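The structure appears below as structure tokens.
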Amino acid sequence: MGVKLLLEKAHVEGIRSYEVYRREGGYRSVEKAIKTMGPEAIVEEVKKSGLRGRGGAGFPAGMKWSFIAKPEGVPRHLVCNADESEPGTFKDRYLMEFIPHLLIEGLIVSSFALGSNNTYIYIRGEYAWIVDILEQAIGEAKANGFLGKNILGSGFDCEIHVQRGAGAYICGEETALIESLEGKRGNPRIKPPFPAIQGVWQRPTVVNNVETLAAVVPIINMGGEEYAKIGVGKSTGTKLMSACGNINKPGVYEIDMTISVEEFIYSDEYCGGIANGKRLKACIPGGSSVPILPANLLLKTAKGETRYMNYESLSDGGFATGSMMGSGGFIVLDEDQCVVKNTYTFARFYRHESCGQCSPCREGTGWMEKLLYRLEKGQGKSSDIDLLWDIQRKIEGNTICPLGDAAAWPVAAAIRHFRDEFEWHVTHAAEAQTRNFGLAHYADPIHVPTTV
Amino acid sequence: MSEQPLFKVTIDNITIEVPAGTTILNAARKIGGDVAPPAMCYYSKLQGSGGKCRTCLVEVSKGSEKDPRPMPKLVASCRTTVMDGMEVKNITSPKVLDARAGVVEFLLLNHPLDCPVCDQAGECHLQDLSYEHGKEGTRYEFQRRTFKKHNIGPYIQLHMTRCILCYRCVFVADQLTAKREHGILDRGDHSEIATMIEKSLESDFIGNVIDVCPVGALTDKTFRFKNRVWFLKPMDAHRDCPTCSGKVTLWNRGDEVFRVTARKDEWGEVENTEDGKPAWICNTCRFEKKQTSDWVIEGPRMISRQSVISQGHYAGNIGMHKPNETFSAVHGGRQPKLMMDIHTASEVNKPNIELSLINGPAHSTDFNSKKD
Amino acid sequence: MTKFSETQLTEFNRLVARYPEGKQKSALLPVLHLAQDSFGGWLSSETMDYVAELLRIAPIEVYEVATFYSMYNLKPVGKYMFEVCQTGPCMLRGSDDIVAYIGEKLSIKPGETTADGLFTLKTVECLGACGYAPMMQLGKHYREHLTKEKVDAIIDECRKTAAANN
Chain D
1 MGVKLLLEKA
11 HVEGIRSYEV
21 YRREGGYRSV
31 EKAIKTMGPE
41 AIVEEVKKSG
51 LRGRGGAGFP
61 AGMKWSFIAK
71 PEGVPRHLVC
81 NADESEPGTF
91 KDRYLMEFIP
101 HLLIEGLIVS
111 SFALGSNNTY
121 IYIRGEYAWI
131 VDILEQAIGE
141 AKANGFLGKN
151 ILGSGFDCEI
161 HVQRGAGAYI
171 CGEETALIES
181 LEGKRGNPRI
191 KPPFPAIQGV
201 WQRPTVVNNV
211 ETLAAVVPII
221 NMGGEEYAKI
231 GVGKSTGTKL
241 MSACGNINKP
251 GVYEIDMTIS
261 VEEFIYSDEY
271 CGGIANGKRL
281 KACIPGGSSV
291 PILPANLLLK
301 TAKGETRYMN
311 YESLSDGGFA
321 TGSMMGSGGF
331 IVLDEDQCVV
341 KNTYTFARFY
351 RHESCGQCSP
361 CREGTGWMEK
371 LLYRLEKGQG
381 KSSDIDLLWD
391 IQRKIEGNTI
401 CPLGDAAAWP
411 VAAAIRHFRD
421 EFEWHVTHAA
431 EAQTRNFGLA
441 HYADPIHVPT
451 TV
Chain V
1001 MSEQPLFKVT
1011 IDNITIEVPA
1021 GTTILNAARK
1031 IGGDVAPPAM
1041 CYYSKLQGSG
1051 GKCRTCLVEV
1061 SKGSEKDPRP
1071 MPKLVASCRT
1081 TVMDGMEVKN
1091 ITSPKVLDAR
1101 AGVVEFLLLN
1111 HPLDCPVCDQ
1121 AGECHLQDLS
1131 YEHGKEGTRY
1141 EFQRRTFKKH
1151 NIGPYIQLHM
1161 TRCILCYRCV
1171 FVADQLTAKR
1181 EHGILDRGDH
1191 SEIATMIEKS
1201 LESDFIGNVI
1211 DVCPVGALTD
1221 KTFRFKNRVW
1231 FLKPMDAHRD
1241 CPTCSGKVTL
1251 WNRGDEVFRV
1261 TARKDEWGEV
1271 ENTEDGKPAW
1281 ICNTCRFEKK
1291 QTSDWVIEGP
1301 RMISRQSVIS
1311 QGHYAGNIGM
1321 HKPNETFSAV
1331 HGGRQPKLMM
1341 DIHTASEVNK
1351 PNIELSLING
1361 PAHSTDFNSK
1371 KD
Chain U
2001 MTKFSETQLT
2011 EFNRLVARYP
2021 EGKQKSALLP
2031 VLHLAQDSFG
2041 GWLSSETMDY
2051 VAELLRIAPI
2061 EVYEVATFYS
2071 MYNLKPVGKY
2081 MFEVCQTGPC
2091 MLRGSDDIVA
2101 YIGEKLSIKP
2111 GETTADGLFT
2121 LKTVECLGAC
2131 GYAPMMQLGK
2141 HYREHLTKEK
2151 VDAIIDECRK
2161 TAAANN
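So, in structure tokens, the structure goes:
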């Protein structure tokens, strides 16, 4: 059993209510932070903890907090990014739905650290029922003196508001989220200025993911140094993984980032193996935008070493033979799945979600979708594969926000590792409509040269 | 005015000093020529514009004197400010040229090839961009997107299929008119410029959207299909206008005024008046004053001599240079009287045939004299 | 006549009060949700103009936003909208079959509404329920782990509720 910091109490009967949450030790971190620590000390603890943003980019949270500008007389804001929309990711929803007070607690401490008197939770519009859960939790926290005016006699005032989005993946990008919070189209802003200087309503703003803010609670409770001892290297603490696809036990798991990918997939404590007794073909370990890996590169790195479930190990080998931790959306494909089809649905997703502001993403995502559709339907040409490669290459890095990269990477990785499956859709077009390419050689051991 | 420190920036190996806060693009424009990156969405006179089209991407090979690390990605030069000691590569960077060719391809993907019937042809920034930075042909094999047609009033013609979503017209409406009535609707590759509810745009200064539009998406309805810009002579003129500066460019043929636009500088942007403010013109000047007598003509307008508009218009430093290769030089000393006079050399035509007397179109049989 | 009731206005005021003075435009997204729920499940241009007036912003600002986000319906929809997710993780678990089955059962294609105005079928992109795939959104809630039997039950349930409310 690994360490659980976030979900340890998630299944205690009635944990959604303030009474039970408090009885189980909830809101201790608020008391500790407000009564015995100052804002700077909290930021210091978070820095020491090595906590990395759990939204996908993995940027150190403490460092992000230390960037916030503090001009005299200008209010600052903390915004919680609950616009969880990356295909494969549903951990924030789980956390908010089952243990909402943990997020509220983390938000209070973080708001205190950043000096945010009005903190916003921007939640994706589809999670409509969770808004009620959160608002109830906020109401309870307020009734018990953890929110509102003069929290615990400290003189610190804080209100938390829940803002619903309305269906736009792009609003998970922090500046698009800010635009949306201002009641505008979710067009990402051109940076600089960064939100820490000019965010919502031109005021200094920090935007953090749900899981990141919830992790502040154990960090304050146990201290940053203790937190940093969990995990390995720069992957400190625990991480919520959303496991889905063709596995026996899809769901949200908290891991301490020391377990191997193999254990995560096959252990009964986690995914419980591939469903229906099939074999593993491929996996997208960090949400739809990170590179897909064939089974043989997923379980072992190109160097032949065991691959672990943490930031460093998952990205070992770069994009050539590795992938990324991303937002922790672990999508598993069994031997009967079609990588071309899967890539097509992702391309369709990104075309649908592109805001349309900058030309490479607006035009490129649609083009890739059309080509992939054609290939999947057996109407493609082999030159389409090279063309796809060239299009993704011209989108990547050339757009305003990371959505362009997110759209390009899955296509690139699918072609990089599964090119023969793409080619088969061209050379065996009719057959490709009746059956899948299958596992082929994707689980074969990779030869690792050794020096004697 | 507070003293702004000067920053040294090197673009394509040319070093200049610019005030802190200047963008790479504006620094490059000071150098001029090919060093200035192309810009389809940035418009220096519209606040907040830029960053979207990605044609002005450049490589920053050295961040600054203090932090010499190169920037990991290409940056939009229109929205990135220079740092002291920064080194930038534009046309000297193969990466930039490659990315830019990609952007051109993306912009043309859904752009109709209707230049022959487009009023913007000849002064279209997308034409210039594709010519200068694009590759031959397209690899796109799907249907181009289309939109429901919207009528936005008697003055402005909207061709949404040609739009590249630069947002300039939205900034114009925001910054020059009291109330914006059009905007960007929908998202992604369906985004369009529209009013939602069929509505005509009628604010006093809304006509300026035509001048800022880099393509033929917004054109002058009063000029629609009337003439090609390269057949017209641009003349600077002014009138006493109660609403705007009244300083315009007339596009004439003979004494007939075909079109009125603002005066544009070498970057295709509206020029400033003496007070340093952009000389946007009002709808009355643009659409209603089409008589030469409405205007005081100042003289011919300078147009870049690369432009098709300047071909053959004026001698001297504007327009084309007189060619050195004279007919006789080309013909090896011979002095043909008329280049058109080919009948002496060829029998394919009979100049003595009166075409107007032939019933219907002429056929080869009309010219081929029968041997019998 | 498009106008919020007393209770809806109270909710409107609560939403606007969350933002700083003069930043009432920030309430646009939640207010559009409120308007959509209040006025028949979709946003007519009359509704949008009303929202613009309430928030003291230009109508175009409302149109721009309403057309950007996928949850706002700009055309009338059925009483029950089946929004079935079809992105990768759901596709891997057979969402295509579910979409086909619903379409067959209700004799409509994605994007269409049944003649009786009861059901609309819509395919959507990832709703964040990948571990519980295949799934769909029905009103405020998710219906997960869909099977043909479950779809049958949901359709029956909707028909019964609709009949009871008539």
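Residue numbers (the numbering used here), protein chains in the order written: chain D, 1 to 452; chain V, 1001 to 1372; chain U, 2001 to 2166.
All C-beta atoms in this analysis are idealised placements derived from N, C-alpha and C, irrespective of residue type, glycine included.
Note that this is a predicted model, so its numbers are computed, not measured.
{"Query": "Straight-line gap, Phe194/D to Ser1044/V (C-alpha atoms, nearest Å)", "Result": "22 angstroms"}
{"Query": "Exposed unless 16 or more other CB atoms sit within 10 angstroms - verdict on Glu179/D", "Result": "buried"}
{"Query": "CB contact check: Ala2058/U to chain V, cutoff 8 angstroms", "Result": "yes"}
{"Query": "For Pro2076/U and Gly2131/U, believed in contact at Cβ under 8 angstroms, the rounded distance", "Result": "Going by Cβ atoms, the distance from Gly2131/U to Pro2076/U rounds to 34 angstroms, so no, they are not a contact pair."}
{"Query": "For Ile104/D and Ile138/D, believed in contact at Cβ under 8 angstroms, the rounded distance", "Result": "6 angstroms"}
{"Query": "Under 8 angstroms from the C-beta of Ile331/D: neighbouring residues of chain U", "Result": "Gly2088, Pro2089, Leu2092, Cys2130"}
{"Query": "Assigned secondary structure, Lys4/D (DSSP; H/G/I helix, E/B strand, else coil)", "Result": "coil"}
{"Query": "Interface partners of Phe2068/U on chain V, CB under 9 angstroms", "Result": "Ile1184, Leu1185, Asp1186, Arg1187, Ser1191"}
{"Query": "Three-state class that DSSP yields for Met474/D in the structure shown", "Result": "Residue 474/D cannot be examined here, being either before or after the span of chain D that is shown, 1 to 452."}
{"Query": "Contacts around Ala1194/V, its chain only, beta-carbon distance under 6 angstroms, and the 5 residues preceding and following it disregarded", "Result": "His1150, Leu1185"}
{"Query": "Positions along the segment 1154-1187 of chain V whose CB lies within less than 7 angstroms of some CB in chain U", "Result": "Lys1179, Arg1180, Glu1181, His1182, Gly1183, Ile1184, Leu1185, Asp1186, Arg1187"}
{"Query": "Those runs of the alpha helix (DSSP H) which lie wholly inside the segment 2029-2058 of chain U and span at least 4 residues", "Result": "2045-2055"}
{"Query": "Straight-line gap, Val206/D to Asn117/D (C-alpha atoms, nearest Å)", "Result": "13 angstroms"}
{"Query": "Min CB distance Glu2064/U to chain D below 8 angstroms", "Result": "yes"}
{"Query": "Of the listed residues Pro39/D, Val43/D, Leu5/D, Gly38/D, nearest to Gly25/D (C-alpha basis)", "Result": "Leu5/D"}
{"Query": "Residue nearest to Trp1280/V in terms of C-alpha spacing, selected from Phe1225/V, Gly1254/V, Asn1227/V, Ile1210/V", "Result": "Ile1210/V"}
{"Query": "Between the CA atoms of Leu2092/U and Leu314/D - distance to the nearest angstrom", "Result": "23 angstroms"}
{"Query": "Cβ of Gln2008/U within 8 angstroms of any chain D Cβ", "Result": "no"}
{"Query": "Proximal chain D residues relative to Ala2027/U, where beta-carbon distance stays under 8 angstroms", "Result": "Gly183"}
{"Query": "Nearest neighbour of Lys1008/V, chosen from His1190/V, Ile1091/V, Lys1066/V [CA to CA]", "Result": "Lys1066/V"}
{"Query": "Min CB distance Ser2044/U to chain V below 8 angstroms", "Result": "no"}
{"Query": "Reduced DSSP category for Met2081/U - H, G, I as helix; E, B as strand; rest coil", "Result": "strand"}
{"Query": "Endpoints, the beta strand (DSSP E) within which Thr205/D is located", "Result": "205-209"}
{"Query": "Distance, Gln2008/U Cα to Leu2034/U Cα", "Result": "8 angstroms"}
{"Query": "Burial state of Ile1197/V, where buried means 16 or more other Cβ atoms lie within 10 Å", "Result": "exposed"}
{"Query": "9 angstroms Cβ cut-off: residues of chain U touching Pro204/D", "Result": "Simply none; closest approach about 14 angstroms."}
{"Query": "Inter-residue Cα distance where the pair is Gly1319/V and Gly1122/V", "Result": "Low confidence applies to Gly1319/V: its pLDDT is 42, below 50, so where it sits in the model is not reliable, and the reading given next is rough at best. Whole-angstrom Cα-Cα distance: 15 angstroms."}
{"Query": "Three-way DSSP call (helix, strand, coil) for His101/D in this model", "Result": "helix"}
{"Query": "Per-residue DSSP class, three states only, for Thr280/D", "Result": "Here residue 280/D is Leu; the residue named in the question, Thr, does not match the sequence. Three-state result, Leu280/D: strand."}
{"Query": "Residues within the segment 1027-1041 of chain V neighbouring chain D, beta-carbon criterion of under 7 angstroms", "Result": "none"}
{"Query": "Reduced DSSP category for Asn310/D - H, G, I as helix; E, B as strand; rest coil", "Result": "coil"}
{"Query": "Where Asn342/D meets chain V, residues with beta-carbon distance less than 7 angstroms", "Result": "Within 7 angstroms Cβ-Cβ: nothing; Asn342/D doesn't reach chain V, min ~21 angstroms."}
{"Query": "The alpha helix (DSSP H) enclosing Met63/D, as first and last residue numbers", "Result": "61-66"}
{"Query": "Nearest-angstrom Cα separation, counted from Ile265/D out to Arg279/D", "Result": "11 angstroms"}
{"Query": "Pair within 8 angstroms by beta-carbon distance, Ser111/D and Leu78/D", "Result": "yes"}
{"Query": "Pro71/D, DSSP secondary structure in three states", "Result": "coil"}
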